[in-house]
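The next block holds one structure in the form of structure tokens; read it before the comments.
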Amino acid sequence: MKDIKEILDRFYKGETTLEEESKLRELINNNQLRITEEKGTLPSELFLEKQLFDFYESEKEIELGDDFDEKLFDKISEKKVVKLNTKVKSLIYRVSGIAAVLLVAIGFYLIFNFKENQSKELTNEDKKTIEYTLDALTMMSDYINLANEHIGKLSIIEESFEKIHNATNIEEYNDYIFNILGEES
Amino acid sequence: MELEDFKIKVIPLKNKLFRIAKRLLNDYELAEDAMQEIMIKLWEKRFELDKHPNIEAFSVTVTKNYCIDILRAKKVSTIEINEEILENRMDNPDNSFEKSELQMLVSKAIAYLPEMQRLVLQLREIEGYSIEEIAFMLDTSIGNVRVILSRARLQLKSILINKYKFNYERY
């Protein structure tokens, strides 16, 4: 039994391996360490260690409750929705910002290209330019369409696109641009 | 890593991480709440997790750091002075099966150890990690882990004998 003394000694120095500790636990559990002749008696010095090992064994079985996973996945989905909303909102702000800039730019372009006849009607050329721009912007807004339910602003912007599409003169056109700019603030 | 992947690779660690949290916080319900937050943190760090060679070790480290932060914030590094409260908080309140008197003593004695000692004991005696693994998780040397483990085991014995008068003759 010198062996055991040595193992215990190293145990308290933190020098035993997992295998040695496993063996120690086994020996203690099976009451195989005897000093006295009496069967089933654990040498009193090791009784404390036995309590410790029993405790560790029972601790291994501690687990979380059954509702843990469900609660967790609920929280994760919540976070996903919040994140999507903020991402989409910022995208919309950015796109409508770009849209507003482009449309204003076109507005200026049209104003500076006044023909001498002072007719403020939009020519076919002008309409083509506007049309191309709207197409590009519509493509962008398609990406955002997913969030249509959540965010009402998007539909207002799309309505304005519609009206611009139908504008026949510069004044109408500028009116609708200001609509979008208004929604920005 | 998508949610399905996360469910396969990280969720199975929940009980182990929970036991570690409970050992550090000395409080069953607090540990339950902490586990929710820790899992969410791990989910948010899933891209880091993908790159890490050892997801389990990474998770243990995150758990340890989170719990230590809580302990610092509460300014309680060991335990409640009131032992009755400690007894009530440490274990599962729903648990109908009671610990034996001896087991309760061991439980309380461990709660009195400094947090690193409690942690190393948990990782070694209960979760069965090797010294090398523990050193990796705690970002420290193997020698240091042995020292902490040695102190923990000696302290625990000492607390049981001196504070709780763990008396061989009685049992």
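So the sequences go chain by chain: A and B. Per our numbering, the first sequence starts with residue 2, numbered consecutively. Per our numbering, the second sequence starts with residue 66, numbered consecutively. In this text, a Cβ means the ideal position worked out from N, Cα and C, and glycines have one as well.
For residue i, is the classification buried or exposed, using 16 other Cβ atoms within 10 angstroms of its Cβ as the cut-off for buried?
{"i": "B/S165", "result": "exposed"}
{"i": "A/A100", "result": "buried"}
{"i": "B/A176", "result": "buried"}
{"i": "B/N130", "result": "exposed"}
{"i": "A/T174", "result": "Inspection of the sequence shows that residue 174 of chain A is occupied by Tyr rather than by Thr. With 16 or more other Cβ atoms within 10 Å, it is buried."}
{"i": "A/N170", "result": "exposed"}
{"i": "A/F54", "result": "buried"}
{"i": "B/K81", "result": "buried"}
{"i": "A/G41", "result": "Since pLDDT at A/G41 reaches only 48, below the 50 mark, its modelled position is unreliable, and no value is offered."}
{"i": "B/K173", "result": "buried"}
{"i": "B/V171", "result": "buried"}
{"i": "A/L19", "result": "exposed"}
{"i": "B/D204", "result": "exposed"}
{"i": "B/A138", "result": "exposed"}
{"i": "A/F187", "result": "Residue 187 of chain A is absent from the structure shown; chain A starts at 2 and stops at 186."}
{"i": "B/R84", "result": "buried"}
{"i": "A/N118", "result": "For A/N118, the predicted model reports a pLDDT of 49, less than 50, meaning its position is unreliable; a value from the coordinates is still stated below. When all chains shown are included, A/N118 counts as exposed."}
{"i": "B/L178", "result": "buried"}
{"i": "A/T124", "result": "exposed"}
{"i": "A/V83", "result": "exposed"}
{"i": "B/K87", "result": "buried"}
{"i": "A/L85", "result": "exposed"}
{"i": "A/A137", "result": "exposed"}
{"i": "B/S223", "result": "exposed"}
{"i": "A/E172", "result": "exposed"}
{"i": "A/S78", "result": "exposed"}
{"i": "A/E126", "result": "exposed"}
{"i": "A/T87", "result": "exposed"}
{"i": "B/R235", "result": "Residue confidence for B/R235 is low, a pLDDT of 49 falling below 50, so the modelled location carries little weight; the figure read from the coordinates is stated next. Exposed: under 16 other Cβ atoms inside 10 Å."}
{"i": "B/G208", "result": "exposed"}
{"i": "B/S142", "result": "Below a pLDDT of 50, predicted positions are generally treated as unreliable, and B/S142, at 48, falls in that range; no measurement from the model is reported."}
{"i": "A/I93", "result": "buried"}
{"i": "A/E39", "result": "Caution is warranted here: a pLDDT of 48 is assigned to A/E39, below 50, making its placement in the model unreliable, and no coordinate value can be reported."}
{"i": "A/S97", "result": "buried"}
{"i": "B/I73", "result": "exposed"}
{"i": "B/E69", "result": "exposed"}
Look up residue i in the DSSP assignment and give the residues it is bridged to.
{"i": "A/N170", "result": "A/E122"}
Since residue i contacts residue j with CB under 8 Å, what's their CB separation in whole angstroms?
{"i": "B/Q220", "j": "A/L73", "result": "Their Cβ separation, rounded to whole angstroms, is 36 Å, which puts B/Q220 and A/L73 out of contact at 8 Å."}
{"i": "B/D92", "j": "B/R154", "result": "5 Å"}
{"i": "B/V210", "j": "B/A200", "result": "5 Å"}
{"i": "A/T134", "j": "A/I107", "result": "6 Å"}
{"i": "B/S124", "j": "B/L188", "result": "That belief does not hold up - the Cβ atoms of B/S124 and B/L188 are roughly 13 Å apart, past 8 Å."}
{"i": "B/L167", "j": "B/A217", "result": "Contact doesn't hold; Cβ gap of about 19 Å is too wide."}
{"i": "B/I135", "j": "B/L90", "result": "7 Å"}
{"i": "B/E198", "j": "B/A122", "result": "7 Å"}
{"i": "B/S215", "j": "A/K14", "result": "5 Å"}
{"i": "A/A61", "j": "B/I103", "result": "Correcting the residue type first, residue 61 of chain A is Lys in the shown sequence and not Ala. With 8 Å as the limit, A/K61 and B/I103 do not qualify as a contact, their Cβ atoms being about 20 Å apart."}
{"i": "A/L25", "j": "A/F12", "result": "7 Å"}
{"i": "B/V75", "j": "B/I105", "result": "11 Å between Cβ atoms; not a contact."}
So, does the CB of residue i fall closer than 8 Å to a CB anywhere in chain E?
{"i": "A/L73", "result": "Checking the listed chains, one finds no chain E in this structure; the protein chains it contains are A and B."}
Legend entry - Near-chain A residues of the stretch 72-94 of chain B (beta-carbon distance less than 8 Å), N- to C-terminal order: I76, K79, N80, F83, R84 and K87
Inset, instruction - Anything in the stretch 112-141 of chain B with a Cβ closer than 9 Å to a Cβ of chain A? List those residues in chain order, please. - result: none
Inset, instruction - Using a Cβ-Cβ cut-off of less than 8 Å, give me the residues of the stretch 60-71 of chain A that come near chain B, in sequence order. - result: E60, K61, I63, E64, L65, G66, F69 and D70
Legend entry - Secondary structure, alpha helix (DSSP H): runs of 4+ residues fully inside the stretch 16-98 of chain A: 19-30 and 48-60
Legend entry - Interface positions of the stretch 166-184 of chain B facing chain A (Cβ-Cβ less than 9 Å), listed along the chain: L167, Q168, L170, V171, S172 and I175
Legend entry - Contact set between the stretch 97-109 of chain B and chain A, restricted to residues whose Cβ is under 7 Å from the partner: E97, M100, Q101, M104, I105 and W108
Legend entry - Within 9 Å of chain A by C-beta, residues of the stretch 189-217 of chain B in sequence order: R189, E190, I191, E192, G193, Y194, S195, I196, V210, R211, V212, I213, L214, S215, R216 and A217
Inset, instruction - May I ask you to list, following chain order, the residues of the stretch 13-24 of chain A that have a beta carbon less than 7 Å from some beta carbon of chain B? - result: Y13, K14, G15, E16 and L19
Inset, instruction - Check each residue of the stretch 47-61 of chain A: if its Cβ is closer than 9 Å to any Cβ of chain B, include it; give the result in chain order. - result: F48, L49, E50, Q52, L53, F54, D55, F56, Y57, E58, S59, E60 and K61
Inset, instruction - Give, in chain order, every residue of the stretch 75-93 of chain A whose Cβ lies closer than 8 Å to some Cβ of chain B. - result: K76, I77 and K80
Inset, instruction - Return the chain-ordered ranges of every alpha helix (DSSP H) run that is complete within the stretch 150-217 of chain B and spans a minimum of 4 residues. - result: 166-176, 180-186 and 196-203
Inset, instruction - Scan the stretch 74-140 of chain B and note each continuous alpha helix (DSSP H) run of 4 residues or more that stays entirely inside, going in chain order. - result: 79-90, 93-109, 111-116 and 120-139
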